[in-house]
Amino acid sequence: NPFKDEEFWYAFLEQSVQTYARRYADGQLPDPQTPVVDALLRIEKVIDKHRQIFKDTYETKDDRTILGVKDARKIGDAGFLQTLKSYRSDKNLEVIRETEDDAKLIFQEMVVEELQFMADVYVQNMEDVGLANEDEMIGDIKKYILESLTAGSSLDIDKEIKEEVEDVPTEDLDAASDLYAPPGVFITEDGQEYSGYYHIHIDEEGDPIYMEGAYHSEEDHPVLRVSANKVVVPIGDVTFNETSTSSEKPFKIRKYIRVGDDKKYNNEEVKNMLVSRAEGLGLEPSETNISDLYPGTMELVFDENGAEIGITGELGVRYGLEFYVEDNKVANVEVDALDLPVDEFQPLAEKSKLLLCLVNNLLDDPDFNAVVKYIFPLNKILSTIAIYNDMAFVPSIGEVVSDTSDSESAAAKPGRYIGVTYSTTTDEDGDEVPVIRVEAQDGAKGWFTTDER
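For the sequence shown, counting from 1, position 448 maps to 469 in this note's numbering; every step adds exactly one.
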């Protein structure tokens, strides 16, 4: 029986899949991830192609031959004295082994579910005794490093991030009239900036819409859209300025804008530079795109017929983030600036989607992850402390403390030590030869004093 040593594992795996499938069919589970559902379907297909085994061989309706235990004994697929029940069990294990990878994927979901249940209980117990606060939970250690251990950062990203609209009423809106919008708040349906009076109208579906004019009328009048400049993500900011690290914040971060080969640390300086360059070339800033001045490595991509189908390369103006350990730069990420007319240059501002994009790229950057996961692995350090507390600190409470301050002897100190003993013995020729014995020996019982640890 090739499954003898693993029979328990496969039986356990079978029961796990059966339990998960039953709960899924009964609607007792939240919507599983697509890979898990696919695994269930693949297992079901494998099961469907297998048929019940009997003593005698028989043909199925779809012209398949199902080998019986008698014929299986003749060809060596079953043991000479193996019973039908035992043979069926072996074939069942073969099916489980055939679908083992999918079964382990489903079993993993069950393990995660149980771990999450225990974690929720643990957190709730900590909250009940005042040792934890839901608002102070750390969900992502990498985001925590950028938020709390990095100079130059006022980021707030370890949360669900939703878009918000500034300077425009958006929630619990009722119809309103005689409202005024300054420049930069609304745009018309054809993309032109709108400044002037507007009103809020509730449409037939109960949704508020912004419309031109101080008052609503039955005649057709234009709808207004909130300008993208007013849509923000509440994530905080990263400074343009040089900062210093400290013992509390050993890392630092800085944002920049690269123009050609030069790095700039001011939005207005970059915009003025672009406008001046356009005017110096006799171009109108409002009609000149950034790529006209700083194309970088961008090139058009053509299909086999010579038609333009895309662009490759990088724009000559890019936004970036630099991440440092003390004064040593270890990671940086960049994205192209939006190729807009020069006088519409988009700043790398706080709470902007551009900044969020850069932060997400930094969180995925291999160099950044090498630092926070392997060089300074805070999650592993926390785990080590937890193991120490569980296996050393907590068991030490109430234990005997050994006073060894006046002793130089290793045997008088707690723990184990290497003891060396010297003796002699007689060899086959009757000659005396030295013997050195090295052994680990127990020291004094108890723990070191606080000063000696």
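Note that beta-carbon positions come from the ideal geometry of N, C-alpha and C, so glycine has one too.
- Asp111: not part of any beta strand (DSSP E); member of the alpha helix (DSSP H) spanning 105-119, first to last residue.
- Rounded to the nearest whole angstrom, the C-alpha separation of Ile402 and Leu383 is 22 Å.
- As the crow flies, the alpha-carbon of Glu135 is around 10 Å from that of Asp141.
- At the C-beta level, Tyr231 and Val244 come within 8 Å of one another.
- For Ala465, the CB contacts under 8 Å within the same chain, skipping 5 residues up- and downstream, are Ser423, Thr425, Ala432, Ala433, Lys434, Pro435 in chain order.
- In the DSSP assignment, the residues bridged to Glu343 are Arg275, Asn353.
- Closest option to Leu375, judged by alpha-carbon separation, among Gly337, Glu305, Ile278: Ile278.
- By the Cβ-count criterion, His222 is buried, with 16 or more other Cβ atoms from all chains shown falling within 10 Å of its own Cβ.
- Nearest Cα to Val363 within the set Pro51, Gly334, Thr309: Thr309.
- Under the three-state reduction of DSSP output, Ser37 falls in the helix class.
- Between the C-alpha atoms of Asn250 and Glu347 there is a straight-line separation of about 35 Å.
- By the Cβ criterion, the region 335-349 is in contact with the region 263-277, since at least three pairs of Cβ atoms, one from each stretch, lie closer than 8 Å.
- Contact check for Glu148 against Glu155 passes: the beta carbons are separated by less than 8 Å.
- Sequence-distant Cβ neighbours of Val38 in its own chain, meaning closer than 6 Å and more than five residues away, are Ala124, Ile127.
- The secondary-structure analysis by DSSP pairs Asp463 across a beta bridge with Arg437.
- Within the region 252-314, complete beta strand (DSSP E) segments of at least 3 residues are found at 272-280, 283-285, given in chain order.
- Here Gly234 is near Tyr219, since their CB atoms are less than 8 Å apart.
- A distance of 8 Å or more separates the beta carbons of Gly151 and Thr264.
- For the pair Arg298 and Leu314, the CB atoms are nearer than the 8 Å cut-off.
- By the neighbour-count definition (other C-beta atoms within 10 Å, threshold 16), Asp111 is a buried residue.
- Nearest in C-alpha terms to Val421, of all of Lys91, Ile68, Gly467, Ser238, is Gly467.
- The region 164-181 makes no contact with the region 351-359; the number of CB pairs closer than 8 Å stays below 3.
- Per DSSP, Arg44 has no beta bridge partner at all.
- If you check the CB distance, Lys372 and Pro255 come in under 8 Å.
- Counting the other CB atoms within 10 Å of its CB gives Gly337 a total of 16 or more, which places it among the buried residues.
- Classified as buried, Thr171 has 16 or more neighbouring CB atoms from the shown chains inside 10 Å of its CB.
- Between Glu35 and Ile159, the C-beta gap is not smaller than 8 Å, which leaves the two residues out of contact.
- Within a 10 Å sphere around the beta-carbon of Leu176 sit 16 or more other beta-carbons, which makes this residue buried.
- Shown here, Thr171 sits in a strand according to DSSP, grouped into three states.
- According to the DSSP assignment, Phe75 belongs to no alpha helix (DSSP H), since it is labelled neither H nor E.
- Lys394 is the residue among Lys394, Asp360, Gln137, Arg458 whose C-alpha sits nearest the C-alpha of Ile162.
- Judged by DSSP in its simplified three-state form, Arg94 adopts helix.
- For Ile166, no pairing in a beta bridge is given by DSSP.
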